[in-house]
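Participant:
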Amino acid sequence: MKPYLERVPASPDSSWSMLNRRLDDGIPFQWHHHPELELTLTLNSRGHRFIGDHVGSFDGVDLVLVGPNLPHTWSSSEKLDPALPHVALVIWFRQEWIETITRSSVEFGAVAALVARAGAGLRFSTAAAMALADDFGRLFDLPAPQRLLAMLGILGQLAEDADAVALSSEAFAPVERDVGAERIDRVLTYIHQFYAEEIRLDHLADVAALSVSGTHRLFRRHMHATISEYIIRLRIGDACARLSATGQSIQHIASAVGYGSLANFNRQFRRLRGMSPRDYRARFRL
182 MKPYLERVPA SPDSSWSMLN RRLDDGIPFQ WHHHPELELT LTLNSRGHRF
232 IGDHVGSFDG VDLVLVGPNL PHTWSSSEKL DPALPHVALV IWFRQEWIET
282 ITRSSVEFGA VAALVARAGA GLRFSTAAAM ALADDFGRLF DLPAPQRLLA
332 MLGILGQLAE DADAVALSSE AFAPVERDVG AERIDRVLTY IHQFYAEEIR
382 LDHLADVAAL SVSGTHRLFR RHMHATISEY IIRLRIGDAC ARLSATGQSI
432 QHIASAVGYG SLANFNRQFR RLRGMSPRDY RARFRL
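Okay, so the sequence shown: first residue is 182 according to the working numbering, each after it adds one.
1. Straight-line CA distance for D243 to T427?
2. When the Cβ atoms of the region 236-254 are set against those of the region 339-352, are three or more pairs found closer than 8 Å?
3. In three-state terms, what does DSSP make of H405?
4. Am I right that P458 and L424 are in contact with their C-beta atoms under 8 Å? What's the rounded C-beta distance?
5. Taking 8 Å as the cut-off, does the region 259-267 touch the region 275-294 (at least 3 CB pairs, one atom from each stretch)?
6. Closest to V296 by CA distance: which of T283, V388, I412 is it?
7. In its own chain, which residues sit with a C-beta less than 7 Å from the C-beta of D366, not counting the 5 before and 5 after it?
8. Could you pull the DSSP bridge partners for F239 from this structure?
9. If the criterion is Cβ atoms closer than 7 Å, does the pair L323 and A331 meet it?
10. Does the beta-carbon distance from S392 to W273 come in below 7 Å?
11. Within its chain, find whatever has a CB closer than 6 Å to the CB of G418; leave out the 5 residues flanking it on each side and keep chain order.
12. Please state whether DSSP places V346 in a helix, a strand or coil.
13. I'd like the span of the beta strand (DSSP E) that includes V287, first residue to last.
14. Closest to N225 by C-alpha separation, out of P263, A191, D315, would be which residue?
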């Protein structure tokens, strides 16, 4: 259940990447993260989305912008039209790339604001998703120059969606990309890999190539949370996924996500989710 670092495939004729994913058996649970932003339109599918520490349902048409290094996945439970596949149309792009475009063109001010809000994930309104579904689909048939213009047009229209809502908590929303960006990426990759184990702060400081206090300051500046709180949220997010998607016992789940004490696990789970793990499973079981 640990979020693996996905390597987004590069496109030889484009500054960004995309994928037209069509699946008969459903969108599988694949908890992952990557440094690119991801815009995903899901069609003809019903299930749950997991974005950082957010868990929610989707039904038919779902359009979400995921921030960089934000763990996420979708998981299908059924099709709306059994004769058609589950569809996920995906766009990936680097934050540095889109910021270069928006900084140099005042016309893209609204897109810059949209990207700045995307750190914790944004779900767009169903009306916006349906209005852009055809434009999204046509991207895959356009030559590279027209494809870029069409993609920027989609982002421009999404920037006008007043009903877009943030999904995850602020702790999962790195918003600053400064000289410490490479360091925080290394730290996040390490934490995402080992959060279910004991993470020594001196070792994490070695990963960041900073002192322990410098690593704490770096993390707070980028993530607006302490390292320990971020790890707790990752652990509880993993637990939510297991409770929804597996039949594992609650004690097994607590141990698997890093809690030796079931009482501590239950306490942290209730603090973040407002209910017990048992009640959560009853409500969100796939």
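We put the CB at the ideal spot given by N, CA and C, even for glycine.
Facilitator: Let me spell this out:
1. Position 62 of the sequence shown holds residue 243. Position 246 of the sequence shown holds residue 427. One C-alpha to the other measures close to 24 Å.
2. Using a C-beta cut-off of 8 Å, the region 236-254 makes contact with the region 339-352, since at least three inter-stretch Cβ pairs fall below that distance.
3. Numbered from its first residue, the sequence shown carries residue 405 at position 224. Three-state DSSP puts H405 in coil, outside helix and strand.
4. Within the sequence shown, residue 458 is the residue found at index 277, counting from 1. Within the sequence shown, residue 424 is the residue found at index 243, counting from 1. That pair is a contact at about 6 Å.
5. As far as the Cβ criterion goes, the region 275-294 does not touch the region 259-267, which means the pair count is below three.
6. Start at 1 with the first residue of the sequence shown, and residue 296 comes out as number 115. Taking only the C-alpha atoms, the option nearest V296 is T283.
7. Counted from its first residue, the sequence shown places residue 366 at position 185. Cβ neighbours of D366 within its own chain (closer than 7 Å, five residues either side excluded): P216, N250.
8. The residue you call residue 239 lines up with position 58 of the sequence shown. DSSP links F239 through a beta bridge to G228.
9. By one-based count along the sequence shown, residue 323 stands at place 142. By one-based count along the sequence shown, residue 331 stands at place 150. In this structure, L323 places its C-beta atom within 7 Å of the C-beta atom of A331.
10. Along the sequence shown, read from residue 1 onward, the residue named residue 392 stands at position 211. Along the sequence shown, read from residue 1 onward, the residue named residue 273 stands at position 92. Not in contact: S392 and W273 (Cβ atoms no closer than 7 Å).
11. Walking along the sequence shown from the start, residue 418 turns up at place 237. Correct list, in chain order: D234.
12. One-based indexing of the sequence shown puts residue 346 at position 165. In the structure shown, V346 sits in a strand (DSSP, three-state: E or B).
13. As a working note, residue 287 is residue 106 in the sequence shown. Neither: V287 is in no beta strand (DSSP E) and is coded neither H nor E.
14. Here the question's residue 225 lines up with position 44 in the sequence shown. Ranked by how close their Cα comes to the Cα of N225, the residues P263, A191, D315 have P263 in first place.
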